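*Asks:* Below are the structure tokens for one structure; questions will follow.
Here it is, written out as structure tokens:
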């Protein structure tokens, strides 16, 4: 069984295919593409590289392969340069395609290479993590980090298709799987209260990776993101709500050192922080903030900062966030569950106060 979600962007529109034992490349043919560079990280390549290459070759495509080190450290311009070299060595031209097989890091860096090599060639997203399936593989945002901040170099480049084979989640380490649940929860908070309530009721099943529920959850998250992106492709307005939890989350990743916190873990803490800030700034009911934190905790996601996470370092990191204006961080905050506001610039004293409330 499988489902298809359409991202409606007119000539740049594409399908997200969700199911088990799916073969990527449905949007390709030997007439429209000749050669594919399959990019994955070392872990994913060992698990699924041969199978994916064979599936693409079965569609009449000539497959070349490249790998990057696993982990956030690969979202770096030095890795991009090595992948440009791989593109040249593979003989890619404008009829060629890049295929990103892996999690969010691989999708972001391979997508950035596709957006910039030969001024842009097509690419496929083949996500193998929950976080990539429900968030980073959808919507066309690609990029890499700088030491000064996360995703400071990037582009908008929509894929030809997204092929989310849920079978790959069976080999996903527990910590990586739980990290992806943060972006699932985010979808309920920003857009769909009944979905949030379903997550509350079925948190234990979700933790167990119940197959039918996973397909339903991934599809709904993709529908939500597709609806938002169709309205605002380049984040000039409403698409910013997808950053709920990300202002502090990105600061946590940077201040702690990239790779120490997984993205979803940092976003979970960022959502707990945004909830406390929303109580102070937007009048969010304390009980609704508590509901969000209870759900995150039930999914084994962090809702309180460890003692070694320094507020001054986080505040400094937020000043260089790409959404900041003149060093003032901007947040997505909630009026209530299912109704959020983007572009909020909270009072400085409330930033520190909200963080202290998390510590307590």
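Numbering (the working numbering), first residue to last: 9 to 368. Backbone N, C-alpha and C define an ideal beta-carbon position, used for all residues, glycine too. For clarity, every value in this text was computed on a predicted model and none was experimentally measured.
Keeping to the same chain, check which residues put their C-beta closer than 7 Å to that of residue 176; ignore five residues upstream and five downstream.
*Replies:* Closer than 7 Å at Cβ, skipping near neighbours: 56 and 136.
*Asks:* What does a CB cutoff of less than 8 Å around residue 228 pick up in its chain, not counting 5 residues either side in sequence?
*Replies:* 195, 200 and 203
*Asks:* Measuring alpha carbon to alpha carbon, tell me which of 245, 217, 77 and 62 ends up nearest residue 71.
*Replies:* 62
*Asks:* By how many angstroms is the C-alpha of residue 329 removed from the C-alpha of residue 11?
*Replies:* 36 Å
*Asks:* Quick one: which unbroken alpha helix (DSSP H) runs of 4-plus residues sit fully inside the region 204–231? Chain order, please.
*Replies:* 211–215
*Asks:* Less than 7 Å between the beta carbons of residue 122 and residue 46, yes or no?
*Replies:* no
*Asks:* Quick check: what's the CA-CA separation for residue 82 versus residue 358?
*Replies:* 35 Å
*Asks:* Report yes if the C-beta distance between residue 161 and residue 151 is below 7 Å; otherwise report no.
*Replies:* Against a cut-off of 7 Å, the Cβ pair of residue 151 and residue 161 comes out as a contact.
*Asks:* Under 8 Å by Cβ, that's how I've got residue 168 and residue 36 pegged, so tell me the actual separation to the nearest angstrom.
*Replies:* 7 Å
*Asks:* Between which two residues does the alpha helix (DSSP H) carrying residue 58 extend?
*Replies:* 58–65
*Asks:* Can the beta-carbon of residue 208 be found less than 7 Å from the beta-carbon of residue 303?
*Replies:* yes
*Asks:* Per DSSP, which residues does residue 75 bridge with? Please list them.
*Replies:* Residue pairing for residue 75: DSSP places it in a beta bridge opposite 48.
*Asks:* Runs of 3 residues minimum, wholly inside the region 116–190: which ones carry the beta strand (DSSP E) assignment?
*Replies:* 131–135, 149–154, 157–164 and 169–173
*Asks:* By the 10 Å Cβ neighbour count, where 16 or more other Cβ atoms means buried, how is residue 191 classified, buried or exposed?
*Replies:* buried
*Asks:* Measuring straight from C-alpha to C-alpha, what distance separates residue 314 and residue 279?
*Replies:* 16 Å
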